[in-house]
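Input: a single structure, listed below in structure tokens.
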Amino acid sequence: MLHVEQISFSYGGQATISDISFSLQPGKHLAVIGESGSGKSTLLKLLYGIHDLTSGSIAYRGAAVLGPKFKLIPGPEVFQYLAQDFGLMPYISASENIGKFLSNVDKKKKADRIHELLDIVEMSDFADTHVKLLSGGQQQRIALAKALAPLPELLLLDEPFSQIDAFRGNSLRRKIYGFLKDQGISCITATHDSNDVLSFADEVLVMQHGQKVDFGKPREVYRNPANRYVASLFDEVSEIPRHLLAPAVDRDETLLLYPHLLKAVNHEGLKVIVDASYYRGTHYLISGHAGNLPVFFNHPVPFEKGMGVFVGLK
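The opening residue of the sequence shown carries number 52 in the numbering used here; numbering runs sequentially from there.
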């Protein structure tokens, strides 16, 4: 088990991580989501022992995870950390990068592992290609395979699909997170992409300004976000006082509503002036405003800009 207890970290006199605590059970996947600059990458570096904590403690299976003041080489041996710069060697092949830290005692077993990982990241055709000749997205896939190669107990991934195109990224998510589950490998993914959270994570930690602002199972955090910021990480969000949608209820209650929770109605709803309609394949996202309130809702067909539409709860 990984146990993080009230950790804080300051850089240049400014706090970048403040009082964060959580635990991760073996074989589970935690997604850490937040806007750029929220502290996600710094948190992973602290977990790997790249920085010294200002306060608090990190322990894995009861042993302290220590920073550079106490340990020259960061990271417990059973951890693997994939940073955003990949850490690949450019002048050797993709296969050689993946197998760099694998044992040479059984060369067939090593070759089979490399072949398996190349298949998982869909890079089998580039096994003998020097890394310097690969695109950024291809290099990221080789870096993922390299991190998986030693079958770590805990894998720390920092924006692991950021340079990979959307259609291939979805396929890789299914393969890689499925592989981790099959192997019982714990994983912490720092991401800004809700695709890494809703379908694959067991728990999600939401960060803002270096602090934990929400934590729980993805379904619970998505359906009951702590505030507008949390909801906005998953979709467009309308923040509407309930009495504007249902006049008979408490005027003090405010609802956080994703576009699929609102619909156009014939009358007796909130009147919205349409600003724009955006085609989303199966529907249009309608962006509008009701006074000073921005409102987003889905509709089968577009509306003209400036048109008034009544909106209610779906």
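For each residue, glycine too, the CB sits at the ideal point set by N, CA and C.
Residue-chain proximity (residue i, chain D), Cβ-Cβ < 8 Å
i: residue 174; result: Of the protein chains in this structure there is only one, and it is not chain D.
Sequence-distant residues of the same chain with beta carbon closer than 8 Å to residue i, five excluded per side
i: residue 365; result: 311, 312, 313, 314
i: residue 219; result: 173, 188
i: residue 361; result: 315, 316, 317, 318, 319, 320, 321, 322, 323
Rounded distance between the beta-carbons of residue j and residue i, thought under 8 Å
i: residue 256; j: residue 73; result: 6 Å
i: residue 202; j: residue 133; result: That pair is no contact at about 14 Å.
i: residue 171; j: residue 266; result: Contact doesn't hold; Cβ gap of about 30 Å is too wide.
i: residue 262; j: residue 209; result: 19 Å between Cβ atoms; not a contact.
i: residue 245; j: residue 284; result: 6 Å
i: residue 177; j: residue 145; result: 5 Å
i: residue 107; j: residue 57; result: 4 Å
Own chain, CB closer than 6 Å to residue i, minus 5 neighbours either side, in chain order
i: residue 235; result: 78
Outcome for residue i when other beta-carbon atoms lying within 10 angstroms are tallied against a minimum of 16
i: residue 80; result: buried
i: residue 206; result: buried
i: residue 150; result: buried
i: residue 164; result: buried
i: residue 160; result: exposed
i: residue 68; result: buried
i: residue 247; result: buried
7 Å CB neighbourhood of residue i in its chain, flanking five on each side removed
i: residue 91; result: 83, 85, 241, 258
i: residue 175; result: 169
i: residue 296; result: 320, 321, 363, 364
i: residue 103; result: 118, 119, 120
i: residue 228; result: 80, 251
Distance CB(residue i)-CB(residue j) smaller than 8 Å
i: residue 204; j: residue 154; result: no
i: residue 363; j: residue 316; result: yes
i: residue 126; j: residue 100; result: yes
i: residue 334; j: residue 351; result: yes
i: residue 75; j: residue 53; result: yes
Any non-hydrogen atom of the ligand GTP closer than 7 Å to residue i Cβ
i: residue 278; result: With respect to the ligand GTP, the structure shown offers nothing to examine, as it has no ligands at all.
For this session: Decide if the stretch 185-203 is in contact with the stretch 131-143; the criterion is three or more beta carbon pairs, one per stretch, under 8 Å apart.
Result: yes
Exercise. Touching or not, the stretch 269-287 and the stretch 320-327, by the rule of three or more beta carbon pairs under 8 Å?
Worked result: no
Exercise. Is the number of C-beta pairs between the stretch 242-253 and the stretch 222-230 that are closer than 8 Å three or more?
Worked result: yes
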